[in-house]
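Protein chains in written order, with our numbering: chain D, 1 to 229; chain L, 230 to 458; chain U, 459 to 687; chain E, 688 to 916.
We put the beta carbon where it would ideally sit given N, CA and C, even for glycine.
First up is the structure itself, then whatever we jot down about it.
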DNA sequence: AATGAATGAGTCTTCATTCAT
DNA sequence: AATGAATGAAGACTCATTCAT
């Protein structure tokens, strides 16, 4: 068998010749995550449906059978990939602790938003898969993605809750507000996928974003909603 | 000819007996839009990939050949469907005219948001296709959807521009703000797909939404972003 | 109904408004042969399989149903077309009457060959259908075509027979010779399809052709076949 | 895996049990040519259009996917098949070297004609595909076939050229003559497809054929073409 | 642990033919 | 006589998955 080097080197791992048992366990995990990494790249590039198992194994430089040695199915590897990406994303978020006052809270939020934006803007694969390729695949994946967004919105909502308790947050529907914040973030990121460079870089963008979330778009005192009815 | 009644009656049209030539033209258009309507339902239910031409024709109660009499391909009918949905959506939006003062502008915006929310909350097929099933299909569809969102964000951005000229809108990055508003709206709608009833009904939701967009989430004067670092 | 003028005018007949019964018979035949003529053109251009009934009716400017009013099927119209072409071809051939001596026989043959070449070189549709498009379609058509060539070869063979009786023709296998003559003719014609202008015009070509048939290619007395082994 | 024995045993290859890597390469080539061989048989029997991929894989006893593992499409396998057949045919032909005199040239020609006739009369699949099934399929295949016949006629023409230089061949249009010889050969072969046994066996047929080519059909001195006019 | 040839269910698309008007 | 919308059988091709080696 001739080893065809995958063109996209980043996913191909060197083949060592050692065969001792201890390392074989390690190697197994390595191989797994290598293939997973290749799948990530491939899914980001072509989308779930357009990407074939053939693409993944070509990228990884392994045989078809090997793929199924590590993953049950194409669906399973994508599922697992989502888990990894979810974790990668959620690891960037800290609960906001409002007990140290408004200024500190603002700083924490800015850090959060900045970190998330930075991560996602740097890592287009992750962003693309979360925002595009994993959307609308089927009921199962949809539920999973819904779950993620529910968790994220929940985090935001709880921050709003504490903020309200501290007297920082206005009286509003925190559920709606948290969804709006989440959606605003997603759209900003999504836009940068289609048109990279159209928006400011992460830190400035985070400030801008947070400023609008906190204070809205109108000059204070200039505009009010008409009375209900 | 035996007419096999499609089980999903909503898409099946009655056969009239008129034979004048003029009506044949009408009939052709009717049949076209009937099939298009069935496709809309099917795509919303199963998504682009999972939906087969077989599903559409079963739903419509027509033969395979009939489908291809009216549409070039599965892709083509989906493409056309998107056009229809885009129009349906954009027809609900009016440019905000700020020349009649702040209160009137707020009213116009509220109407816009209310109308859009109402339309989309009532019409789950439309919403689901736009927000889920048309996402991440391939480069062509992605571009098309991007285009839609670009137009919508553009509308919002221009409203912000005029608002700023009138002194109503703060000094902020209108591009970012418009994307955020669009994204906030999408997320609110998307949430209602997964969990209908979780959010207030259209009018109340529109007020809440717009209130947050306009004034942000914090109590005025309580919180400021830290100085840039 | 709007009459879409077929682009290729040659096949479209004018629509008169008279409706008297007597002429309707005439018109029916006219319509028939018009459609047949269009089919001839279409089959020559695209071949039997690539040509669709759609092509023929477009060319003829009639509706689908009308086609089936005059012809049982696509196969049937092609079948009938072959009959017409066979007749067209065979009408150009006269039995050679050898009783008036060698010179007259040669003249008759030259006339025959010249007439056939002239007809076929002028009428590329006919040639193309006979030599290419009708070949290898299925057992039925094959048999029909075989039959034609058998008849043509038979004509030649009988001419050789009489020629031999008159002492003009050498002692040879007339069956083989007649096939060879037929095949030689076909190939010359076929070549002119792919590369028109490559060969001399009909009269000169006929002389050349017949010269080679009659006298072979070698200078008399220079070459003999080795004894049988 | 259950091996469904194809009914037409001639195309089905045995499964060996060897597992060394080298043999896998061999096996792949074997399988390829096995399928190609079955396709040859099937195309000869049913013709290009009537033959389905289903027929080929049934004959070969492989699954649909296997077919597409080795060949891009039905068209592609036929195309490749033509290449093989062309080679098979052309390999039987040697340039005639006229430098050793008339007798030797005649012997060479006789050998050529004999070999070609023998090959093609023995191998009805080859003959049928070349003369019937590959004819008039579409522009691409037509060009390919034209190319073959152009090459063959070219070979004959060059032989006539040398023959003429040696003073053996009469003054005639060698282009026309070469086409005639080629066509004569094709017709003789084609006739044997429809009516096997109607003609003498290869060696005798070759003598007869060549005799007529060389010396024509009339007794020397008995018949002349009339003067031009 | 790895390989890659083989599988076959599934899907789109075409087009000759029919028949209600 | 004419129309053309509707039909549906037929056929090419894909690709996730399996399993013998």
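query, result
"Beta-carbon gap between residue 575 of chain U and residue 637 of chain U smaller than 7 Å", "no"
"Any non-hydrogen atom of the ligand GDP within 6 Å of residue 731 of chain E CB", "Judged by which ligands are present, the structure shown has none, so any question about the ligand GDP falls away."
"Within 7 Å, strictly: CB atoms of residue 856 of chain E and residue 675 of chain U", "yes"
"Chain E residues whose Cβ lies nearer than 8 Å to that of residue 669 of chain U", "859, 912"
"Touch test, the region 646 to 657 of chain U against the region 874 to 882 of chain E, Cβ-Cβ under 8 Å, three pairs minimum", "no"
"Contacts of residue 565 of chain U in chain E (Cβ-Cβ under 8 Å)", "913"
"DSSP bridge partner residues for residue 313 of chain L (one or two, in chain order)", "Answer by DSSP bridge pairing: none, since residue 313 of chain L is not bridged."
"Residue from U:665, U:683, U:549 whose Cα sits closest to the Cα of residue 900 of chain E", "U:683"
"Best match in U:564, U:491, U:583, U:592 for proximity to residue 507 of chain U [C-alpha to C-alpha]", "U:592"
"Inter-stretch contact at 8 Å, needing at least 3 Cβ pairs: the region 64 to 79 of chain D / the region 27 to 40 of chain D", "yes"
"For residue 676 of chain U: DSSP bridge partner residues", "E:856"
"Beta carbon of residue 681 of chain U nearer than 7 Å to that of residue 793 of chain E", "yes"
"Chain E contact for residue 558 of chain U (CB, 7 Å cutoff)", "no"
"Residue burial classification, residue 585 of chain U (beta-carbon count within 10 angstroms, cutoff 16)", "buried"
"Within-7 Å CB hit, residue 492 of chain U to chain E", "no"
"7 Å Cβ cutoff, residue 303 of chain L in contact with chain D", "no"
"Contact check, residue 579 of chain U vs residue 660 of chain U, beta carbons under 7 Å", "yes"
"Partners in chain E for residue 657 of chain U, counting only beta-carbon separations shorter than 9 Å", "860, 862, 863, 866"
"Interface partners of residue 784 of chain E on chain U, CB under 9 Å", "Per Cβ cutoff of 9 Å: no residues; residue 784 of chain E is ~15 Å from chain U at best."
"Given residue 558 of chain U as reference, the closest of U:581, U:624, U:655, U:587 once Cα atoms are compared", "U:624"
"Distance, residue 517 of chain U Cα to residue 494 of chain U Cα", "11 Å"
"Enclosing alpha helix (DSSP H) for residue 878 of chain E [first to last residue]", "861 to 881"
"Proximal residues of chain L, C-beta to C-beta of residue 144 of chain D below 9 Å", "By Cβ distance, chain L contributes nothing, its closest Cβ being about 11 Å from residue 144 of chain D, past 9 Å."
"Residue-chain proximity (residue 423 of chain L, chain D), Cβ-Cβ < 7 Å", "yes"
"Reference residue 785 of chain E, options E:744, E:845, E:879, E:884, closest by Cα", "E:845"
"Buried versus exposed call for residue 151 of chain D [16 or more other C-beta atoms within 10 Å across all chains shown]", "exposed"
"Closest Cα partner of residue 840 of chain E within the set E:714, E:777, E:731", "E:777"
"Residue 173 of chain D vs residue 437 of chain L beta-carbon contact at 7 Å", "yes"
"Contact set between residue 571 of chain U and chain E, taken where Cβ atoms lie within less than 9 Å", "Here the premise fails: no neighbours, minimum Cβ distance about 11 Å."
"Short CB-CB distance (under 7 Å) between residue 511 of chain U and chain E", "no"
"Nearest to residue 129 of chain D (by Cα), restricted to the options D:78, D:94, D:112", "D:78"
"Supposed contact pair residue 405 of chain L and residue 199 of chain D - C-beta distance, whole angstroms, cut 8 Å", "6 Å"
"Simplified DSSP assignment, three categories, for residue 118 of chain D", "helix"
"Burial state of residue 726 of chain E, where buried means 16 or more other Cβ atoms lie within 10 Å", "buried"
"Bounding residues of the alpha helix (DSSP H) (the contiguous stretch that carries residue 356 of chain L)", "353 to 357"
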